[in-house]
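Visitor: Below are the structure tokens for one structure; questions will follow.
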Amino acid sequence: MELINVLKQHPYDISGGQQQKVALAKVLAKNPDILLLDEPTKAIDGIYKESLGRLMMDLKNRGKTIVMVSHDLDFCGQYADRCGLFAQGNLIGVNKVRKFFTKNKFYTTSVNKMAGRSIENAVNKEDVVCFLKAENIFSGNSYYCNFIFLLC
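Counting from 272, one number per residue, gives the positions in the sequence shown under the numbering used here.
Given below as structure tokens:
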């Protein structure tokens with residue numbers, strides 16, 4: 272989790288993202304079967320967000336259950352299995368990720384907002400890349416720049 276740099280620092284002197292990493296490391300040290308996370312992507316950069324997503328997938332693959340509350344719809348669309356919406360104190364609209372995000376027009380991922388009309392069921396960047404490759408529009412290995420270029 273790249274925490275070596277913060278060991279000698281006072282907790283108030285580290286960034287919000289570093290505080291998030293330390294908190295998660297403390298929880299994971301207990302090896303829980305169930306993780307309850309509140310806004311785990313708050314204050315973290317995009318690189319660590321991807322690392323966190325891979326960690327979540329690894330934990331899931333090892334049989335851990337992760338329940339997360341987040342406003343980061345793109346992160347949820349990328350890594351969650353199921354999503355729901357809290358409204359007036361109730362959890363409503365729980366569904367598998369793809370169905371949840373493709374059926375919503377406001378509470379959906381950025382990719383679905385940008386490409387959803389053109390690419391059916393597009394929820395995350397991998398969906399767009401798969402579509403572009405299938406249509407022989409894109410054949411490269413590194414798609415971040417091409418993705419932005421093609422959609423903006």
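Heads up, the beta-carbon is just placed ideally off N, CA and C, and yes, glycines get one too.
How many angstroms separate the CA atom of S413 from the CA atom of M385?
Guide: Because S413 carries a pLDDT of 49, less than 50, the predicted location of this residue cannot be relied on, and no value is offered for it.
Visitor: Among the residues of its own chain, which have a CB less than 7 angstroms from the CB of I285, if the five just before and after it don't count?
Guide: For I285, where only same-chain residues beyond five positions count, the Cβ hits under 7 angstroms are V277.
Visitor: For L362, name the three-state secondary structure that DSSP assigns.
Guide: In this structure, L362 counts as strand in the three-state DSSP scheme.
Visitor: Residues in its own chain within less than 7 angstroms of L274 by CB, not counting five upstream and five downstream?
Guide: Within the same chain, L274 has close Cβ partners K292, V293 and A296.
Visitor: Take G324 and list the residues in its own chain whose beta-carbon comes closer than 7 angstroms to its own, dropping the five residues that flank it on each side.
Guide: For G324, where only same-chain residues beyond five positions count, the Cβ hits under 7 angstroms are F346, Q349 and Y350.
Visitor: Would you check if the distance between the CB atom of V394 and the CB atom of V382 is smaller than 8 angstroms?
Guide: Yes; because the gap between Cβ atoms is below 8 angstroms, this pair is in contact.
Visitor: Just the Cα atoms here: how many angstroms apart are N375 and I363?
Guide: Approximately 13 angstroms, taken between the alpha carbons.
Visitor: The ligand NAD and E273: does any heavy atom of the ligand fall closer than 7 angstroms to the residue's C-beta?
Guide: In the structure on display, the ligand NAD does not appear, and there are no ligands present to speak of.
Visitor: Counting along the chain, where does the beta strand (DSSP E) carrying T336 start and finish?
Guide: Where T336 is concerned, the enclosing beta strand (DSSP E) stretches over T336 to V340.
Visitor: Under three-state DSSP, which class holds F377?
Guide: Reduced to three states, the DSSP call for F377 is coil.
Visitor: In the structure shown, what three-state DSSP assignment does D309 receive?
Guide: Reduced to three states, the DSSP call for D309 is strand.
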